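Worksheet for the structure shown next.
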Amino acid sequence: MSIKLWPEQERPREKLLAHGSVALSDAELLAIFLRTGVRGCSAVELARRLLAEFGGLRQLLEADIDEFTQHMGLGPAKYAQLQAVLEMGRRHLAATIARESALESPQAVRDFLKAKLRHEPHEVFACLFMDTKHRVLAFEVLFYGTIDGASVYPRQVVKRALAHNAAALILTHNHPSGVSEPSQADKILTERLKEALALIDVRILDHFIVGDGEPLSMVEHGWM
1 MSIKLWPEQE RPREKLLAHG SVALSDAELL AIFLRTGVRG CSAVELARRL
51 LAEFGGLRQL LEADIDEFTQ HMGLGPAKYA QLQAVLEMGR RHLAATIARE
101 SALESPQAVR DFLKAKLRHE PHEVFACLFM DTKHRVLAFE VLFYGTIDGA
151 SVYPRQVVKR ALAHNAAALI LTHNHPSGVS EPSQADKILT ERLKEALALI
201 DVRILDHFIV GDGEPLSMVE HGWM
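In full-length UniProt numbering, the protein residues as written are 1 to 224.
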């Protein structure tokens, strides 16, 4: 049945306008993005089918163009639209944490780091560089690793902190396995970086590990 024939309160677009986006299921959100279905299949039905084929919303959002366009109802134009939507979301989060102290927007920082790193297939190490008021100066990926590790050199982190005239920074890296628990190597690296940056009076405020779920804060767990 066409969505136009559904009761108005059950249509995804009208439901979103009445109750907000959080009230919609993954399939309903995807249906709004798709806009139309295919012959004999409404946008919501198509969305449900795609989510089942990909294995979930995250897998669909992280698919490359070759995988994405193999599925019914999805082509290069839809892929381009989706990438634009995702990048707008990342830029919105970046603007949010740039306007005020990062420490006053801990959830925005977590959301930003997750949006930047969760989709990476290999381990990536990055830094949020901040001024004396803990406002974000820049976000930089400094090291790319293999599927299970990245070689991080304190000298390079110090060099980039000086280049940005940073007073503080937040370390972050992802675990492609999805498990956020820090390894012993993660803890040792954090201490090495703290010692190196202390020599130039730059503080490390936290080290976030991005996996499945919320990014893990080493400070909150007492590991820093």
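Glycine included, each C-beta is placed from N, C-alpha and C at the ideal position.
Source: prediction; values computed, not measured.
In this structure, F125 sits near F143, with a CB-CB distance shorter than 9 Å. In terms of Cα proximity to P176, the closest of E123, E220 and R160 is E123. Between the C-alpha atoms of E120 and G75 there is a straight-line separation of about 23 Å.
With fewer than 16 other Cβ atoms from the protein chains shown falling within 10 Å of its own Cβ, G222 counts as exposed. The beta carbons of A166 and L137 sit closer together than 9 Å. For G73 against L46, the beta-carbon gap comes to about 5 Å, under 8 Å, which counts as contact. Within the DSSP bridge table, the entry for A27 names no partner.
For I200, there is no enclosing beta strand (DSSP E), as DSSP marks it with neither H nor E. Under the DSSP assignment, H19 falls in the alpha helix (DSSP H) whose first and last residues are P12 to H19. A198 is positioned such that its CB atom lies no closer than 9 Å to that of V157. The DSSP assignment places complete alpha helix (DSSP H) segments of no fewer than 4 residues inside the segment 55-140 at 57-61, 65-68, 76-99 and 106-117, in order along the chain. It is roughly 18 Å from the alpha-carbon of A18 to the alpha-carbon of V44. Minimum Cα-Cα distance from Q83 among the listed residues F68, R11, L93 and V141 corresponds to F68.
Nearest to H207 by alpha-carbon distance, out of A185, I170 and S180, is I170. When the beta-carbon positions are compared, L216 and P182 come within less than 9 Å of each other.
The beta carbon of R91 is closer than 6 Å to none in its chain, skipping five residues each way along the sequence. The continuous beta strand (DSSP E) containing A168 extends over residues A168 to N174.
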